[in-house]
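S.K.:
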Amino acid sequence: MITDWHPLIIHFPIALISTSVAFECLHFILKRDDLLSASWWTMFFGLISSLAAVASGIIDDSLIGHFGAVWPLWQNHGAMQILTIALFGLVFYIKNSKPKLSEEYNRYFLLAEVLLVGVLFYGAHLGAVLSGRA
Numbered sequence: 150m151i152t153d154w155h156p157l158i159i160h161f162p163i164a165l166i167s168t169s170v171a172f173e174c175l176h177f178i179l180k181r182d183d184l185l186s187a188s189w190w191t192m193f194f195g196l197i198s199s200l201a202a203v204a205s206g207i208i209d210d211s212l213i214g215h216f217g218a219v220w221p222l223w224q225n226h227g228a229m230q231i232l233t234i235a236l237f238g239l240v241f242y243i244k245n246s247k248p249k250l251s252e253e254y255n256r257y258f259l260l261a262e263v264l265l266v267g268v269l270f271y272g273a274h275l276g277a278v279l280s281g282r283a
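Just so you know, the sequence shown maps onto residues 150 to 283 in the working numbering.
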């Protein structure tokens, strides 16, 4: 059934994005360029896989119908995850389109990404609660 896809897909962006941030934290500490490259690729594929996760979530929502009540935002799984992925995408875009800015403010981008991983995990928890798994 189509509703079985979302719980299977969602683990990819969560794992890839959080691993990307872990690689970037290690790069910040160890200054190894291979970790930065690993971070870039895992974030890239995390963002790509998040498109499938969001699409399958919207399909599931059309069958279940919880996304209509977006507010308060911190209580809505779908809205939290879409906002978080959009912010990760924005940070990824800025870091790639403005490399000098990225180097100069690297610690702030890293802090934002670490905080966004926390928000991503919280949104995942809301999804588990919504599905009756938590």
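Positions of the beta carbon are idealized from the N, C-alpha and C atoms, including for glycine.
These figures come from a predicted structure and were not determined experimentally.
Pairs of beta-carbons, one from the segment 240 to 260 and one from the segment 199 to 213, closer than 8 Å: are there three or more?
M.R.: Not touching, per the Cβ criterion.
S.K.: Pick out whichever of 170, 183, 279 has its Cα sitting closest to the Cα of residue 227.
M.R.: By 1-based counting over the sequence shown, the position of residue 227 is 78. Checking every option, the nearest Cα to that of residue 227 belongs to 279.
S.K.: Quick one: what does DSSP say residue 204 is sitting in, helix, strand or coil?
M.R.: Taking the sequence shown and counting its residues from 1, one reaches residue 204 at position 55. Helix, per DSSP.
S.K.: With 16 as the cutoff for other CB atoms within 10 Å, does residue 244 come out buried or exposed?
M.R.: Walking along the sequence shown from the start, residue 244 turns up at place 95. Its Cβ being crowded by 16 or more others within 10 Å, residue 244 is buried.
S.K.: According to the neighbour-count rule (16 or more other Cβ atoms, all chains shown, within 10 Å of its Cβ), is residue 224 buried or exposed?
M.R.: As a position in the sequence shown, residue 224 is number 75, starting the count at 1. The residue in question, residue 224, is exposed, as its Cβ has fewer than 16 Cβ neighbours within 10 Å.
S.K.: Span of the alpha helix (DSSP H) holding residue 164?
M.R.: In the sequence shown, counting from the first residue as 1, residue 164 sits at position 15. Counting along the chain, the alpha helix (DSSP H) containing residue 164 begins and ends at 160 to 179.
S.K.: Quick check on the burial criterion: 16 or more other C-beta atoms within 10 angstroms. Buried or exposed for residue 209?
M.R.: Stepping through the sequence shown from its first residue, residue 209 is reached at position 60. Burial call: buried.
S.K.: Using C-beta distances below 8 Å, list every residue in its chain close to residue 239, excluding the 5 sequence neighbours before and after it, in chain order.
M.R.: Locating residue 239 in the sequence shown gives position 90, counting from the first residue. Answer for residue 239: no residue qualifies.
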